[in-house]
Amino acid sequence: MSDSVLPDAQPAGGGLPERLSTVRSGIAAAAAAAGRDVSELTMIVVTKFQPVSLIEELAALGVRDFGESRHQEAQGKAQSLAGLDLTWHFVGQVQGKKARQVRAYSDVIHSVDRVSLVDALASEDSGIDCFVQVNLTEDPARGGVVPAELDALVERVLGTSGLRLLGLMAVAPMGIPPRRAFAQVRELGERTRRLAPGATSLSMGMSQDYAEAIAEGATHLRIGTAITGNRPVSG
Ligand SMILES: *Cc1c(COP(=O)(O)O)cnc(C)c1O
1 MSDSVLPDAQ
11 PAGGGLPERL
21 STVRSGIAAA
31 AAAAGRDVSE
41 LTMIVVTKFQ
51 PVSLIEELAA
61 LGVRDFGESR
71 HQEAQGKAQS
81 LAGLDLTWHF
91 VGQVQGKKAR
101 QVRAYSDVIH
111 SVDRVSLVDA
121 LASEDSGIDC
131 FVQVNLTEDP
141 ARGGVVPAEL
151 DALVERVLGT
161 SGLRLLGLMA
171 VAPMGIPPRR
181 AFAQVRELGE
191 RTRRLAPGAT
201 SLSMGMSQDY
211 AEAIAEGATH
221 LRIGTAITGN
231 RPVSG
């Protein structure tokens, strides 16, 4: 993706504070262009593969919302940073047998994508916020429910105790303009609101396409490398 000639991990534009402020400015500009108020937008910094120290640095710079996609890593980070009172967003695929553990340390789960997972997340405890993830590709191995099965899954979530549906989550597929993909999510979101009037949020937009997502009504942006720099190669 990058045509930078720098080795890696330090893209042009300096260190972490500079990258963070560049993205914050980009978000503000995209919101202004769309006639939207930035206060409607939650910026989640996705820190998968990144060390705990980087999360601490970001927290010191005022970031409160963090996204992780791998259960064991996420659990360890949430435990070691429990004192910071951060908000943890789980954005990766959730294995059924790990669902209760993911629920225990996450504040928001963005990747509810099948009936069996909804059932595994059911709880009499206080509700956890969640998004239903939609798969916009033809590849069933990608996370997300296909649009044809969305309504049924939404109804399952609504009928399950311990889950509060915020809205829909999606990743723009390769090969089509992101704006078109996000417009499709917006339309699916409107359809979902007929069943679930409170499900007004849209989790969409990453490092390369958050401006397009904001133009189509994103409320939760999941931004990794544009802020963190390149991810370390190993786990
Ligand atoms: C990694 C990841 C992101 C962030 O991607 P970047 O391209 O680094 O911004 C967002 N959403 C999900 C589901 C991810 O897995």
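If you use full-length UniProt numbering, the sequence shown corresponds to residues 1 to 235, in order. Heads up, the beta-carbon is just placed ideally off N, CA and C, and yes, glycines get one too.
Residue ranges of uninterrupted alpha helix (DSSP H) with 4 or more members, entirely inside the region 122 to 193 and ordered along the chain, are 150 to 158. Going by beta carbons, residue 150 and residue 114 fall outside the 9 Å limit. Rounded to whole angstroms, the gap between the alpha carbons of residue 27 and residue 17 is 15 Å. Counting C-beta atoms within 10 angstroms of its own C-beta, residue 180 has fewer than 16 neighbours from the protein chains shown and is therefore classed as exposed.
Within the DSSP bridge table, the entry for residue 22 names no partner. Taking the Cα of residue 215 as reference, the smallest distance to any Cα among 62, 66, 186 and 73 is reached at 186.
In the structure shown, the three-state DSSP call for residue 76 is helix. When secondary structure is reduced to three states using DSSP, residue 111 falls in the strand class. For residue 222, the enclosing beta strand (DSSP E) covers residues 220 to 223. Taking C-alpha positions only, residue 158 is separated from residue 128 by approximately 12 Å. In the displayed model, residue 69 falls within coil according to three-state DSSP, outside both helix and strand. A heavy atom of ligand 1 is found nearer than 8 Å to the CB of residue 67.
With fewer than three CB-CB distances shorter than 8 Å, the region 187 to 201 does not count as touching the region 20 to 35. The region 226 to 233 and the region 197 to 205 do not touch, with fewer than three beta-carbon pairs separated by less than 8 Å. The Cβ atoms of residue 210 and residue 60 do not sit closer than 9 Å to each other. Taking 9 Å as the cut-off, the beta carbon of residue 205 is found no closer than this to the beta carbon of residue 48. Taking the CA atoms as reference points, residue 39 sits about 28 Å from residue 135. Taken from the Cβ of residue 222, at least one heavy atom of ligand 1 lies inside 8 Å.
In this structure, the beta-carbon distance from residue 227 to residue 52 does not fall below 9 Å.
DSSP places residue 202 in the uninterrupted beta strand (DSSP E) bounded by 201 to 203.
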